[in-house]
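Chemist: Structure in structure tokens, see below.
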Amino acid sequence: MTHDADIRPSPDALLTQAARIGRGRLKIFIGAAPGVGKTWAMLDDAHRKHADGVDVLAALIETHGRAETQAKLADLPPLARKPVIYKGRALTELDLDGLLARRPALALIDELAHTNAEGGRHEKRWQDVEEVLAAGIDVFTTLNIQHIETLNETVARITGVRVRETVPDLVLAMADEIELVDIPPDELLERLRQGKVYPADQAARALTSFFAKGNLTALRELALRAAADRVDAQLREHMAANAIAGPWPTQDRILVCVNESPAAREAIRVAKRSADRARAEWIALNVTQARFEALPDADKDRLAGTLRLAERLGAELATLEAERDVAQAILSYAADRNVKRIVIGRPRPRPFWARLTTEDVAAGLLRQSGQFEITLAAAPDERGTQAGWHLPQVARDPLAWAEAGLAVALASACSYAAEQLFPVASLSVIYMTAVVVVASRRGLGPAMATAVLGFFAYNYLFTEPRFSFQVSRQGELLTLGLFLVASLITGNLAARLRARITAQTAIAERTNKLYDFSRRIAAAATADDVIWASVSHVATTLRCETVLLMPGQGGDLAVVGGFPPEDRLQIRDQSAAQFAWDKGQPAGAGSDTLPTARWFFLPLVAGDRRLGVLGIAEAEDHRFARTDHRLLQALVGQIALALERLRLTEALSETRLVAETDRLRTALLSSVSHDLRTPLVTIIGAAGSLADTPGLPALARQDLAENIREEGERLDRYVQNLLDMTRLGHGALRPRLAPLDLADLIGSARHRLRAPLRAHQVTADLPDALPLVRADGVLLEQVLVNVLDNAAKYAPAGSAIVLTAREAGAFVDLSITDSGPGIPPDEHARVFDMFYRVNEGDRQRAGTGLGLAICKGLTEAMGGTIRAESGRAETASPDGTGTRIVLSLPLYTPETSA
Amino acid sequence: MTPTRILIIDDEAPIRRFLRVPLEAEGHGVIEAATARDGILAVAREAPGLVILDLGLPDADGLTVLREIRGWSQVPVLVLSVRADEAGKVAALDAGAQDYVVKPFGMKELLARIRSLLRDRAGAAQGPVVITLADLRIDPANHSCTQGGLPLHLTRREFDLLWMLASHAGRLVTQGLILKALWGPAHLDDSQYLRVYIRQLRQKLGDDAANPRYIMTEPGIGYRFIAE
Numbered sequence: 023m024t025h026d027a028d029i030r031p032s033p034d035a036l037l038t039q040a041a042r043i044g045r046g047r048l049k050i051f052i053g054a055a056p057g058v059g060k061t062w063a064m065l066d067d068a069h070r071k072h073a074d075g076v077d078v079l080a081a082l083i084e085t086h087g088r089a090e091t092q093a094k095l096a097d098l099p100p101l102a103r104k105p106v107i108y109k110g111r112a113l114t115e116l117d118l119d120g121l122l123a124r125r126p127a128l129a130l131i132d133e134l135a136h137t138n139a140e141g142g143r144h145e146k147r148w149q150d151v152e153e154v155l156a157a158g159i160d161v162f163t164t165l166n167i168q169h170i171e172t173l174n175e176t177v178a179r180i181t182g183v184r185v186r187e188t189v190p191d192l193v194l195a196m197a198d199e200i201e202l203v204d205i206p207p208d209e210l211l212e213r214l215r216q217g218k219v220y221p222a223d224q225a226a227r228a229l230t231s232f233f234a235k236g237n238l239t240a241l242r243e244l245a246l247r248a249a250a251d252r253v254d255a256q257l258r259e260h261m262a263a264n265a266i267a268g269p270w271p272t273q274d275r276i277l278v279c280v281n282e283s284p285a286a287r288e289a290i291r292v293a294k295r296s297a298d299r300a301r302a303e304w305i306a307l308n309v310t311q312a313r314f315e316a317l318p319d320a321d322k323d324r325l326a327g328t329l330r331l332a333e334r335l336g337a338e339l340a341t342l343e344a345e346r347d348v349a350q351a352i353l354s355y356a357a358d359r360n361v362k363r364i365v366i367g368r369p370r371p372r373p374f375w376a377r378l379t380t381e382d383v384a385a386g387l388l389r390q391s392g393q394f395e396i397t398l399a400a401a402p403d404e405r406g407t408q409a410g411w412h413l414p415q416v417a418r419d420p421l422a423w424a425e426a427g428l429a430v431a432l433a434s435a436c437s438y439a440a441e442q443l444f445p446v447a448s449l450s451v452i453y454m455t456a457v458v459v460v461a462s463r464r465g466l467g468p469a470m471a472t473a474v475l476g477f478f479a480y481n482y483l484f485t486e487p488r489f490s491f492q493v494s495r496q497g498e499l500l501t502l503g504l505f506l507v508a509s510l511i512t513g514n515l516a517a518r519l520r521a522r523i524t525a526q527t528a529i530a531e532r533t534n535k536l537y538d539f540s541r542r543i544a545a546a547a548t549a550d551d552v553i554w555a556s557v558s559h560v561a562t563t564l565r566c567e568t569v570l571l572m573p574g575q576g577g578d579l580a581v582v583g584g585f586p587p588e589d590r591l592q593i594r595d596q597s598a599a600q601f602a603w604d605k606g607q608p609a610g611a612g613s614d615t616l617p618t619a620r621w622f623f624l625p626l627v628a629g630d631r632r633l634g635v636l637g638i639a640e641a642e643d644h645r646f647a648r649t650d651h652r653l654l655q656a657l658v659g660q661i662a663l664a665l666e667r668l669r670l671t672e673a674l675s676e677t678r679l680v681a682e683t684d685r686l687r688t689a690l691l692s693s694v695s696h697d698l699r700t701p702l703v704t705i706i707g708a709a710g711s712l713a714d715t716p717g718l719p720a721l722a723r724q725d726l727a728e729n730i731r732e733e734g735e736r737l738d739r740y741v742q743n744l745l746d747m748t749r750l751g752h753g754a755l756r757p758r759l760a761p762l763d764l765a766d767l768i769g770s771a772r773h774r775l776r777a778p779l780r781a782h783q784v785t786a787d788l789p790d791a792l793p794l795v796r797a798d799g800v801l802l803e804q805v806l807v808n809v810l811d812n813a814a815k816y817a818p819a820g821s822a823i824v825l826t827a828r829e830a831g832a833f834v835d836l837s838i839t840d841s842g843p844g845i846p847p848d849e850h851a852r853v854f855d856m857f858y859r860v861n862e863g864d865r866q867r868a869g870t871g872l873g874l875a876i877c878k879g880l881t882e883a884m885g886g887t888i889r890a891e892s893g894r895a896e897t898a899s900p901d902g903t904g905t906r907i908v909l910s911l912p913l914y915t916p917e918t919s920a
Numbered sequence: 009m010t011p012t013r014i015l016i017i018d019d020e021a022p023i024r025r026f027l028r029v030p031l032e033a034e035g036h037g038v039i040e041a042a043t044a045r046d047g048i049l050a051v052a053r054e055a056p057g058l059v060i061l062d063l064g065l066p067d068a069d070g071l072t073v074l075r076e077i078r079g080w081s082q083v084p085v086l087v088l089s090v091r092a093d094e095a096g097k098v099a100a101l102d103a104g105a106q107d108y109v110v111k112p113f114g115m116k117e118l119l120a121r122i123r124s125l126l127r128d129r130a131g132a133a134q135g136p137v138v139i140t141l142a143d144l145r146i147d148p149a150n151h152s153c154t155q156g157g158l159p160l161h162l163t164r165r166e167f168d169l170l171w172m173l174a175s176h177a178g179r180l181v182t183q184g185l186i187l188k189a190l191w192g193p194a195h196l197d198d199s200q201y202l203r204v205y206i207r208q209l210r211q212k213l214g215d216d217a218a219n220p221r222y223i224m225t226e227p228g229i230g231y232r233f234i235a236e
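For the record, the sequence lines run as chains A and B. Taken in order, the first sequence gives residues 23 to 920; the numbers are from my numbering. Taken in order, the second sequence gives residues 9 to 236; the numbers are from my numbering.
Right, dumping it as structure tokens:
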């Protein structure tokens, strides 16, 4: 079984292959140096495709003025370049939209590593290529080895020339095919001399620097190795996807330690290369310490950038919290994760005293490493950077330094006063106190200054001989020395404590903000509430402008909320938002895509469902720190979850609605088939008797005809109810509210119900001074007709139906009481449900079960209420409990009628 | 009542059929038209004494027909409408229809309306006469009214209101018409005046709005004096 499991296709590999379906294929022509003929080889290949009938488009070719390349290009259909103005210079760039619109089968896009002029959709051309591939278009492109991100440093070291333009290794991994364009170095040099690569004047310069033969040989080797790595990777992928059993690598992992130092970037690159070669996973680990909160922003930014780089290169990111023994923390993490090899940046040289107090993390690792293999990555050129590994943030506030001076002055004054009471040696305690106070208020720098200043002041003012820096007595020399050491240590400790507290406070504050936010959005009941809570909270906690975009009708992203309110974005921001939405990646200001946009957009994703895009714009005077980014990530996650929760709730109630609609439809069908047919049976039957029975006595004829008419009127009321129900259901009901006299309406309702009410004693007991109600005459009459019809249907013949009305606050209550069997109290509310009928077994009478539901709908549409009660008309038969329907209708006041 | 010729404009053949029989039994002549166009032509050609017009016609709105007819004829028009269409009813009355009947309706009710319309027309030329309805006797010459032989003390305006309704007994009298006649065109929208007077009048007549004997309210439209 184990064996079977081993050769099962790897799901990851299958997924990778599946992701490629529908994408264009990418072929990279890779070379060791400019001039090896990559573009030429690409065009060669393209010509063959063209001859085979493939729709080839030369989307962007850099000829570098080489005549033969130009000639080679001649018969391939070109794409016009897009002109851009950048810093006053007219440049041309790839017309990405034109290319996507033209949709060739194969696009030729030269120089993958190119950086686009500012203002394009993407910062880098490889991102353009990504988009073209995603659109299902095949791409041929060219790349020099020195532009590959992880080789960048190596190449710089070999040639002394650093290129700014890099392509992530992942892009290389994305390629379906890699063709190495290779010529021996001598041949390349010859071409260079002939001016085939650069115009003659540039050639001479190039020859001396970059194109030294030694360089070229080294580069060539790198290129060959990169290509071989890639071929190897493809083979592995194929084996994994096709379940070919092979010598699988062990699950070793490589761990790279990352901090804010510049060396960390190089460590990342080293780790990436090692991981690739060892086919191992790799982890970028950042150990956070309290001191991190106190770092200058430049360092925080650098750390965030380094972590982003690691992520882009495919590392797993991990964070540890450790205060004391960082090396030990790293090692125990490494042991947990089955790590064999640890990469760390080489520590920068530090002054000896710093090395006495704390040990370098790297040194700690080396000392304790045991079974681990430790790699120290070379730091890039460090000249000019004096910053130590642990250099604390120096207070830039001049007040802090002034405070140090003030503290020493105060301490001196106190000592002067205390001199009479205490021995001179004890006075140092007063200075020490000053150091501790400054340390706890202002941090390490000012504390150290206080210690040193205090040392001199004490020496000058109090030790013999007074008012000189000389020390005459041995004991005092010792006191002075001890004072300096003790105050440096206490100051240091107090400052650390302060940093710790500051950090804790910051963390607590962040946690509070998050907690606060989750409470706020948990309480939000509608999407609007969530949106508003989200944008206002993000904006206030991060002190930035915030917008939220969601797809509206027709799927276009539109701003649904903003703080401060914003309803439109600039076109560039809008397309950044669209990109973030389409690709599920951050875009806009500060990211790789459309970095010149003013806004930065993060997609809101819950599970695999995209819900919207959150945009933030930093204020001029408040730049984001890394902790802000982390908080933002957490907030975005919560917003996405809240929106998803609402969506699910909505979907659920929609499902319920569908079920409810189904139930109603069934009820309606049974109602139509039974209740509408019953009167028809009578009508057809009676009409048949009239027509087909000759010689009927006049009285019988009259009776039958009467029967037909009454059943017809009943049918009419049912139909009216069905119509009303439909109008209520569609919300198409717009009451025309007017002042009405209830007596008038009772009159006309009774008139309409003459026939059914014939057998009952209807009395209306209305006070003379009954005020007018505000209602719609037609609707209110229909309500009364339904209620009276119900009363007539259920109350025994000959019993009383009593209508009474009285003023109740801002309403008039109209009660219609019958002497029927009544409604059980627990069903009082349910009688107003559609198709609800009080169960009375076989005695069920004809009725659609719609009447009261419609009464409720109509009454509420007019701003009134309706309820059922148990009640009994005065003259009811003793056994009847009776039903009372109470209609509350708003009083008419001239103001409300306006 | 003088038999006359009645034009039925309705697209439903069964409705025309059931209207024809009792109308002919009353002695009227019946002309039928199934479309708006035929209806207008029939009014022009046949000069009927009364038109029964359905508001929902296949080729044109009944209101259009009404306006067209009113351009050149004062023939009384009785409109057939559906219940919910209150706006249609009011528009038809505004456009010059004399009365309406809500579908479905009983023949008895329809015949009563027709009688009322035709009587009104016949009486129009004769000037004020004493009206006797149920137990009421209303004398316009003396502005006096008795109920069951006993005199009723009505103010001038109450009397005018009663007279206006009674002289159109069985017919709908719209609020607008009453307000214009009794209060003047400036008070067309002051229906609360009217409501107050109707209430006083009912009180003096001993009438109950919730179960009327004399004056029936058509909510939102007007009043009708119960003819029988």
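In this text, a Cβ means the ideal position worked out from N, Cα and C, and glycines have one as well.
1) Output needed for residue 30 of chain B: all residues of its chain with C-beta closer than 6 Å, excluding positions within five of it in sequence on either side, in chain order.
2) Identify whether residue 514 of chain A lies in helix, strand or coil by the three-state DSSP scheme.
3) Have a look at the DSSP bridge pairing and note the partners of residue 363 of chain A.
4) How about residue 772 of chain A: is its C-beta nearer than 8 Å to some C-beta of chain B?
5) Does the contact criterion of 3 or more C-beta pairs under 8 Å hold for the segment 531-542 of chain A versus the segment 471-480 of chain A?
6) Kindly list the residues whose CB is nearer than 6 Å to the CB of residue 577 of chain A, restricted to its own chain and excluding five residues on each side of it in sequence; keep chain order.
7) Among B:181, B:42, B:159, which has the Cα closest to the Cα of residue 101 of chain B?
8) With distance defined between alpha-carbon atoms, name the residue in B:221, B:111, B:99 nearest to residue 178 of chain B.
9) Residues in its own chain within less than 8 Å of residue 134 of chain A by CB, not counting five upstream and five downstream?
10) In the DSSP assignment, what are the bridge partners of residue 37 of chain B?
11) So residue 767 of chain A and residue 745 of chain A are supposed to be a Cβ contact under 8 Å. How far apart are they, rounded?
12) In this structure, how does DSSP classify residue 4 of chain B when only helix, strand and coil are distinguished?
13) By the criterion of Cβ-Cβ separation under 7 Å, what are the contact partners of residue 768 of chain A in chain B?
14) At a Cβ cut of 7 Å, what residues of the segment 777-808 of chain A count as close to chain B, listed as they run along the chain?
15) Since residue 811 of chain A contacts residue 823 of chain A with CB under 8 Å, what's their CB separation in whole angstroms?
16) Do residue 779 of chain A and residue 814 of chain A come within 8 Å of each other at the CB atom, strictly closer than that value?
17) Assess, as a yes-or-no matter, whether the segment 199-209 of chain B is touched by the segment 167-176 of chain B under the definition of 3 or more beta carbon pairs within less than 8 Å.
18) Please give the ranges of any alpha helix (DSSP H) in the segment 402-486 of chain A, keeping only runs that are unbroken, at least 4 residues long and fully inside the region.
19) Using a Cβ-Cβ cutoff of 7 Å, what residues of the segment 101-122 of chain B are near chain A? List them in chain order.
20) Hey, is residue 757 of chain A's beta-carbon within less than 8 Å of any beta-carbon in chain B?
21) Quick check on this structure: which residue in B:78, B:90, B:216 has the alpha carbon closest to the alpha carbon of residue 106 of chain B?
22) Beta-carbon separation of residue 353 of chain A and residue 387 of chain A under 8 Å?
23) What did DSSP end up calling residue 889 of chain A once you bin it into helix, strand or coil?
24) I need the boundaries of the beta strand (DSSP E) containing residue 80 of chain B, first residue and last residue.
25) With distances taken from CA atoms, which of A:277, A:167, A:809, A:513 is nearest residue 874 of chain A?
26) For residue 89 of chain B and residue 111 of chain B, what's the separation of their Cα atoms in angstroms?
27) Given that a residue counts as buried once 16 or more other Cβ atoms are within 10 Å of its Cβ, and exposed if not, what is residue 703 of chain A?
28) Give a yes or no on whether the C-beta atoms belonging to residue 827 of chain A and residue 794 of chain A are separated by under 8 Å.
29) Quick check on DSSP: helix, strand or coil for residue 492 of chain A?
Modeler: Short version:
1) 115
2) helix
3) A:276, A:395
4) yes
5) no
6) none
7) B:181
8) B:221
9) 50, 147, 148, 151, 163, 164, 165, 169, 189, 193
10) B:13
11) In fact, because the Cβ distance is near 20 Å, the residues do not count as touching under 8 Å.
12) This structure leaves residue 4 of chain B out entirely; chain B is present only between 9 and 236.
13) 218
14) 786, 788, 799, 800, 803
15) The pair is not a contact, with the Cβ atoms about 11 Å apart (cut-off 8 Å).
16) yes
17) yes
18) 420-440, 449-464, 466-483
19) 112, 114
20) no
21) B:78
22) yes
23) strand
24) Premise fails: residue 80 of chain B is in no beta strand (DSSP E) and is neither H nor E.
25) A:809
26) 6 Å
27) exposed
28) no
29) coil
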